[in-house]
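K.L.:
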Amino acid sequence: MMVCTLMEVTATSRHYVDRLFDPDPQNVLQGVIDMKNAVIGNNRQKANLIVLGAVPRLLYLLQQSSSSLELRTECAVVLGSLAMGTENNIKSLVDCHIIPALLQGLLCSDLIFIEACLRCLRTVFISPVTPVQLLYTDPTVIPHLMSLLSRSQHTQEYITQIFAHCCKTPEHQTVLFNHGAIQNIAPLLISPSFKVRMQALKCFSVLAYENAQVSMTLVNVLVDGEQLSQVFVRMMQRDKPIEMQLTAAKCLTYMCRAGAIRTDDNCIVLKTLPCLVRMCSKERLLEERVEGAETLAYLMEPDIELQRIASVTDHLVSMLADYFKYPSSVSAITDIKRLDHDLKHAHELRQAAFKLYASLGSNDEDIRKKITETENMMDRIVSGLSESSIKVRLAAVRCLHSLSRSVQQLRTSFHDHAVWKPLMKLLQNAPDEVLVMASSTLCNLLLEFSPSKEPILESGVIELLCSLTQSDSPALRVNGIWALMNMAFQADQKVKVEIVRALGTEQLFRLLSDPDTNVLMKTLGLLRNLLSTRPHIDQVMSSHGKQIMQAVTLILEGEHSIEVKEQTLCILANIADGNTAKELIMTNDDMLQKIKYYMGHSNVKLQLAATFCISNLIWNEEDGSQERQDKLRDMGFVDILHKLTQASDPNLCDRAKTAMQQYLA
Amino acid sequence: MAELGAGSLLTGDPAFNYQEHELNERLKRLYPAVNEEETPLPRSWSPKDKYSYIGLSQNNLRVHYKGHGKNHKDAASVRAIHPIPAACGIYYFEVKIVSKGRDGYMGIGLSAQGVNMNRLPGWDKHSYGYHGDDGHSFCSSGTGQPYGPTFTTGDVIGCCVNLINNTCFYTKNGQSLGVAFTDLPPNLYPTVGLQTPGEIVDANFGQQPFVFDIEDYMSEWRAKIHSMIARFPIGERLGDWQAVLQNMVSSYLVHHGYCATAMAFASATETMIQEDQTSIKNRQSIQKLVLAGRVGEAIDATQQLYPGLLEHNPNLLFMLKCRQFVEMVNGTDSEVRCFSVRSPKSQDSYLGSPNLSPRHGATNAHLHNTGADSPTCSNGVTPTNKNKSHNKYTGVSSASSSPSSSPSSVNYSESNSTDSTKSQPHSATSNQETSDSEMEIEAEHYSNGVTESSTRIMNGTYKHQEILQADDSSVGNGVADDSCSSRQLCGGNQAATERMIQFGRELQALSEQLCRQYGKNATHKKMLQSLRICPNSLHSCWLWVRPPSACS
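See below:
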């Protein structure tokens, strides 16, 4: 039976295609019209016609200038109908070069024909399978589309919809912007047609996204004498359709993030933010809640005041807890369809909620507390860290990172829930973006006062961190060395030795010449932490003294910022505090000359660090202090110290006086 | 008086006239449905309805504290001059904190007429407040719930009452803080309370533009309701409208069990009634049992007459059992009342069943009797054995044995409710009595309703609601009633108390079972919690568990 009907369909389809080749143009026209009626809403028929090769013939007829306008229009309509089918249909159409043919058709003067072509183009372009680049290959297309915007409401709707879908990169934004997209589309925001208003609004949201140039221009645009931001505010009114409110809020969010609107502007504080919070409420569709939460997270990311306001608006923090309740136990029992829907959105909802929590808690301690006190929050983060969806994992670790900036949370909830365990697991074989966040969180967990520090150390984290310092990504190198630095702070001898061993002196020196200043600074910090307390100093210097002194010399001679040199001099001062280690400096006249130079430097910080170093060398109570004092006096240090006691900086002055006293005693 | 003088002086001021004009315009725009001749809108604080520690100025819009502010006993409130009219739909006012004074113990909210003014809003029954010092919301309770941020000098706090769904939310500096209260009673007054010296707040009842965009919020609700109406289209055909209207009337009558009226309506309009007449009557009798506090019997009757109904609605059964528990405590429910031999009728029906499970046959017969207007449908306390029971149980008479079954008491209770407005002046003082006495009175009315004839039972419920709104007015009378003082748990009977405790355990078990089957249910938890505090304060269980379920 099935085969039989299938064959029948194919037979009738064949008939439709055959008629396209009729010598009589009138018959061809009638054939196209019949085909149009046959394919509406019939996906199988559409697929059949495509397989039987109707598309190239239709395109041929559409492009022939000898065809009547009516025939060409009907061809475009049928093609548009075929495009409405499955994704496979779209692929076949694109493969037959439908896009250039239709774009060519737009050059015709007949409005009905243009509208038919645009409708079909619109359907093709909004499909995810169509490469958007095809819109930009011919540079004359965009200006021509702009000029067609004035023709009719239909052209406006289709063209703005195409723009809204095909503007994906900063380059696309620039092309559209340079061809006057803003001036041409702005008036459409007050079009009598809802569809046109909506598509125009979507255009602005994609144009303004992370684009300062567009955003700055938008604030100055007037529509019918009204500022554009006010038009957007009106579109966010609570009786407007949700889609419109949400998209208008996105526009204002992007303009705000691009710096075109201040974060304390009323249209942000009193309109955009509350609108986005409303989008997170239970009454909204799951998709809307995801978009609302993501946009809100983006809006307030850099601004603590917005974070504070959002945290008290409409119980947002507890409202977000609902995002984790999908699929709900009720939907599992009662409604398969709903369960399916819930399942599909569950990941998206969770990652959106984590993102928003991360953004909310990024600065304010009270908000962090409120978040961790939300029902099962820490458990949710912990399970989020090991979810299969990478988006959820990334968002969960972002959230954890945000909360890890709190001393109190590190000491309490982080420890109680052993978050370090899933975090360590996440660090194995994760993609770079997850790794950056996770290692950054680990840095905080390794802070001296964090109770998680011990168990993390025991889990063999050192090797992992050392491997991070060899990464190509500067962010990962910084996090790796930063974590090691935190780990070495006031650590046991055993840990320090382990760090030096695992990292290897070679890698240590490679990091000291890292092009990234952050990496260099943290490496110096690590050295400083390694060289603290006398027995440790002597121990490290006895095994690695030569290389360290070399590295110090290199940095002091090189072109580096004040901060880097200060840090290096501090390391030197630490070395000078050792028992045996100080001999490495005393026997190095070149180094002593450098110290002398920095004592006379114009920067007080460097002077202070250098003086500190000398002070350590001449300290009375230690063996051989007399000889060192004598040698340094001979080198002229006493004169410099004397001069420094007159320094205007009180710290420096004090330091120099203390040093001088060593000679007097 | 000086303040009032200052107010009248300003009337000639053009600036004031302008403000007055602004106010009128804004109120008209915000609340177009309100007829101010019948239900005037609040426009200022009332110089009369306030505690003595409150001072008013600036046309009775500015409130300052002038007491000692030593402790919470020095708290003072003021109500607006009028209650919020129901026709507002959505009502909104704002208060600006001019100065937080010494400690900033300020409460902003709502309260009913007659609620004690020597308190901050939210501490008492029918009083609701949001407090500045801790940001907590107080819903008729001395302990607050974490709600929003704290507020202080310079902040503008708004309070929005949604009379469509009976909720309330606050705003701070134009940001909505989310729902604070649900199930609000009608006729609330805007209220502020202050507690320490130096506290000053200014009200904005519409004199100035609001910081929060309330019109936007209203527009959302307007759109919501329009779309809700649009979802019920009416056919185009001739007579469709009429059919809809008739169906509406008929279903209302059937639902509420107005059997005869429904029959008459059906024959006049030549329509059909969906439900069987006996079924309507059965429902009516079950309703009467519930209203009479004989929930146990009501449950049995339901199981008998509508098998499967409660099995399919375990939540309903749970609610009923909660109610039954309350009635046991109060001594009205038959499961405990049979111990005290108050009601010969119920005792008869339970004679053969010492295990307390009622014989369905007997109950049933009883029910069919009550369908008609027979006097036996009262709680069984007939005048003849009234004396007997009094003799037997002198001093332990419970609410159900109070003289309410006599005709005179019917009048008495009626006058109570009708006089409620007149007796207000005295309620302010009587209110300071213990809350227990307040509760007694409610119970009193309740049993009154029971003992009236069956048609009166319906009246009883309505009265009951009225009492809920303005029950403070009856406190004065209640204190005078000597039957109150002798009130005891389950009528003071030991066996009944034990039975009650056992029942309570069963209830807990049922809740746990439901929880396992259907997941957690916040309403259930709330119900059980409210029951748990019963032994300490009977008052609270009356307050919480007074159910809408009594009507179904």
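These protein sequences, in sequence, are chains A and B. Under the working numbering, the letters of the first sequence match residues 16 to 680, in that order. Under the working numbering, the letters of the second sequence match residues 29 to 580, in that order. Even glycine gets a Cβ: it sits at the ideal position worked out from N, Cα and C.
Roughly how many whole angstroms lie between the Cα atoms of Arg-265/B and Gln-274/B?
P.N.:
As a working note, residue 265/B is residue 237 in the second sequence. As a working note, residue 274/B is residue 246 in the second sequence. Approximately 16 Å, taken between the alpha carbons.
K.L.:
Whose Cβ in chain A lies nearer than 8 Å to the Cβ of Gly-202/B?
P.N.:
Here residue 202/B refers to the residue found at position 174 when the second sequence is read from its first residue. Ordered by position in chain A, the residues that pass the 8 Å Cβ test against Gly-202/B are Val-284, Leu-285.
K.L.:
By Cβ distance, which residues of its chain are closer than 7 Å to Asn-146/B, with the 5 residues on each side in sequence left out?
P.N.:
Start at 1 with the first residue of the second sequence, and residue 146/B comes out as number 118. These residues qualify, in order along the chain: Tyr-79, Ala-103, Ala-104.
K.L.:
Enumerate in chain order the residues of its own chain whose CB-to-CB distance from Ala-490/A is below 7 Å, with the five nearest sequence positions on each side excluded.
P.N.:
Walking along the first sequence from the start, residue 490/A turns up at place 475. Closer than 7 Å at the Cβ level, and outside the excluded window around Ala-490/A, lie Val-451.
K.L.:
For the candidate residues Ile-590/A, Leu-539/A, Leu-44/A, whose alpha-carbon lies nearest to that of Gln-554/A?
P.N.:
Numbered from 1 along the first sequence, position 539 holds the residue referred to as residue 554/A. Checked all of Ile-590/A, Leu-539/A, Leu-44/A; the closest Cα to Gln-554/A is Ile-590/A.
K.L.:
Between Ser-576/A and Gln-424/A, what straight-line distance do the alpha-carbon atoms span, to the nearest angstrom?
P.N.:
Indexing the first sequence from 1 puts residue 576/A at position 561. Indexing the first sequence from 1 puts residue 424/A at position 409. The straight-line gap from Cα to Cα measures roughly 35 Å.
K.L.:
Any Cβ of chain B within less than 8 Å of the Cβ of Ile-471/A?
P.N.:
Counted from its first residue, the first sequence places residue 471/A at position 456. No - not a single Cβ of chain B is within 8 Å of the one on Ile-471/A.
K.L.:
If I follow the unbroken alpha helix (DSSP H) through Gly-307/A, where does it start and stop?
P.N.:
In the first sequence, counting from the first residue as 1, residue 307/A sits at position 292. Segment 301 to 315, the alpha helix (DSSP H) holding Gly-307/A.
K.L.:
Which residues of chain B have a Cβ atom closer than 7 Å to the Cβ of Ile-324/A, listed in chain order?
P.N.:
Reading the first sequence from its first residue, position 309 is the one you call residue 324/A. By Cβ distance, chain B contributes Gln-203.
K.L.:
For a test of the three-state rule: what should DSSP assign to Phe-346/B, helix, strand or coil?
P.N.:
Working through the second sequence from its first residue, we reach residue 346/B at position 318. Here Phe-346/B sits in helix by DSSP.
K.L.:
Of all Cβ atoms in chain A, is any one closer than 8 Å to the Cβ of Glu-248/B?
P.N.:
Here residue 248/B refers to the residue found at position 220 when the second sequence is read from its first residue. Output row for Glu-248/B: interface = yes.
K.L.:
Among His-159/A, Ser-83/A, Cys-111/A, which one has its Cα closest to the Cα of Leu-118/A?
P.N.:
Here residue 118/A corresponds to residue number 103 of the first sequence, with the count starting at 1. Considering only alpha carbons, the answer is His-159/A.
K.L.:
Run through chain A and tell me which residues come within less than 9 Å of Tyr-245/B, C-beta to C-beta.
P.N.:
As a first step, residue 245/B must be located in the second sequence, where it is residue number 217. In chain order: Arg-253.
K.L.:
If you compare alpha carbons, which of Ser-454/A, Asn-594/A, Ala-116/A, Val-147/A is closest to Thr-497/A?
P.N.:
Working through the first sequence from its first residue, we reach residue 497/A at position 482. At residue 497/A the sequence reads Trp, which differs from the Thr that was named. Minimum Cα distance to Trp-497/A is reached at Ser-454/A.
K.L.:
Going by the beta-carbon positions, is the gap between Gly-129/B and Tyr-81/B smaller than 8 Å?
P.N.:
Taking the second sequence and counting its residues from 1, the one referred to as residue 129/B is at position 101. Taking the second sequence and counting its residues from 1, the one referred to as residue 81/B is at position 53. Taking 8 Å as the Cβ cut-off, Gly-129/B and Tyr-81/B do not qualify as a contacting pair.
K.L.:
Using the Cα positions of Val-327/A and Cys-295/A, report the straight-line distance between them to the nearest angstrom.
P.N.:
The residue labelled residue 327/A in the question sits at position 312 within the first sequence. The residue labelled residue 295/A in the question sits at position 280 within the first sequence. When rounded, the distance between both Cα atoms is 14 Å.
K.L.:
From Arg-383/A to Leu-418/A, what distance separates their C-alpha atoms?
P.N.:
The residue you call residue 383/A lines up with position 368 of the first sequence. The residue you call residue 418/A lines up with position 403 of the first sequence. About 6 Å.
K.L.:
Check each candidate in Asp-161/B, Leu-69/B, Gly-97/B and name the one with the smallest Cα separation from Ile-118/B.
P.N.:
Taking the second sequence and counting its residues from 1, one reaches residue 118/B at position 90. Closest by alpha carbon: Leu-69/B.
K.L.:
Tell me which same chain residues have a C-beta within less than 7 Å of the C-beta of Gly-195/A, skipping the five on either side of it?
P.N.:
By 1-based counting over the first sequence, the position of residue 195/A is 180. For Gly-195/A, where only same-chain residues beyond five positions count, the Cβ hits under 7 Å are Met-161.
K.L.:
Alpha carbon to alpha carbon, how far is His-362/A from Ala-537/B?
P.N.:
Along the first sequence, read from residue 1 onward, the residue named residue 362/A stands at position 347. Along the second sequence, read from residue 1 onward, the residue named residue 537/B stands at position 509. About 36 Å.
K.L.:
Is the Cβ of Asp-241/B closer than 8 Å to any Cβ of chain A?
P.N.:
By one-based count along the second sequence, residue 241/B stands at place 213. True, the Cβ-Cβ gap to chain A drops below 8 Å.
K.L.:
If you reduce the DSSP assignment to three classes, tell me which class Gln-173/B lands in.
P.N.:
Taking the first residue of the second sequence as 1, we reach residue 173/B at position 145. Three-state DSSP puts Gln-173/B in a strand.
K.L.:
So the alpha helix (DSSP H) Ser-374/A belongs to, where does it begin and stop?
P.N.:
Reading the first sequence from its first residue, position 359 is the one you call residue 374/A. Start and end: 351 to 375.
K.L.:
Expressed to the nearest angstrom, what Euclidean distance is found between the alpha-carbon atoms of Leu-499/A and Ile-471/A?
P.N.:
Sequence index remark: in the first sequence, residue 499/A carries index 484 (1-based). Sequence index remark: in the first sequence, residue 471/A carries index 456 (1-based). Cα-Cα distance, rounded: 12 Å.
K.L.:
Could you round the C-beta distance between Tyr-372/A and Ile-386/A to whole angstroms and report it? I think they count as a contact, below 8 Å.
P.N.:
Taking the first residue of the first sequence as 1, we reach residue 372/A at position 357. Taking the first residue of the first sequence as 1, we reach residue 386/A at position 371. Sure, about 5 Å apart at Cβ, within 8 Å.
K.L.:
For the stretch 271 to 301 of chain A, which segments carrying the alpha helix (DSSP H) assignment without a break, of at least 4 residues, lie completely within its bounds, in sequence order?
P.N.:
List check, alpha helix (DSSP H) in window: 288 to 294.
K.L.:
Can you name the residues of chain A whose CB is closer than 7 Å to the CB of Pro-177/B?
P.N.:
Counting from 1 along the second sequence, the entry for residue 177/B is found at position 149. The answer, in chain order, is Val-327.
K.L.:
Since Pro-289/A meets chain B, which of its residues come closer than 7 Å, beta carbon to beta carbon?
P.N.:
Counted from its first residue, the first sequence places residue 289/A at position 274. By Cβ distance, chain B contributes Gln-203, Ser-204.
K.L.:
Taking Cβ-Cβ distances below 9 Å as the criterion, which residues of the stretch 616 to 646 of chain A are in contact with chain B?
P.N.:
Correct list: empty, as no residue qualifies.
K.L.:
Starting from His-187/A, trace the beta strand (DSSP E) both ways and give me its first and last residue.
P.N.:
The count along the first sequence starts at 1 and reaches residue 187/A at position 172. That residue, His-187/A, is in no beta strand (DSSP E); its alpha helix (DSSP H) goes 185 to 193.
K.L.:
With a cut-off of 8 Å on the beta carbons, I'd call Thr-287/A and Leu-314/A a contact; round off their distance for me.
P.N.:
Numbered from its first residue, the first sequence carries residue 287/A at position 272. Numbered from its first residue, the first sequence carries residue 314/A at position 299. Yes, Thr-287/A and Leu-314/A are in contact; Cβ-Cβ is about 7 Å, under 8 Å.
K.L.:
For Lys-61/A, which three-state DSSP category applies?
P.N.:
Residue 61/A sits at position 46 when you count from the first residue of the first sequence. In this structure, Lys-61/A counts as helix in the three-state DSSP scheme.
K.L.:
Of all Cβ atoms in chain A, is any one closer than 8 Å to the Cβ of Ala-258/B?
P.N.:
As a first step, residue 258/B must be located in the second sequence, where it is residue number 230. Answer no: the Cβ-Cβ gap between Ala-258/B and chain A never drops below 8 Å.
K.L.:
Which full runs of the alpha helix (DSSP H) of 4+ residues lie inside the stretch 270 to 339 of chain B, going along the chain?
P.N.:
You should have 287 to 297, 305 to 319, 323 to 333.
K.L.:
Verify the CB distance criterion: does His-559/A have a CB-CB separation below 8 Å to chain B?
P.N.:
One-based indexing of the first sequence puts residue 559/A at position 544. So, not an interface residue.
K.L.:
In whole angstroms, what is the alpha-carbon distance linking Glu-540/B and Thr-268/A?
P.N.:
Within the second sequence, numbered from 1, the residue matching residue 540/B stands at position 512. Within the first sequence, numbered from 1, the residue matching residue 268/A stands at position 253. So the two alpha carbons sit approximately 47 Å from each other.
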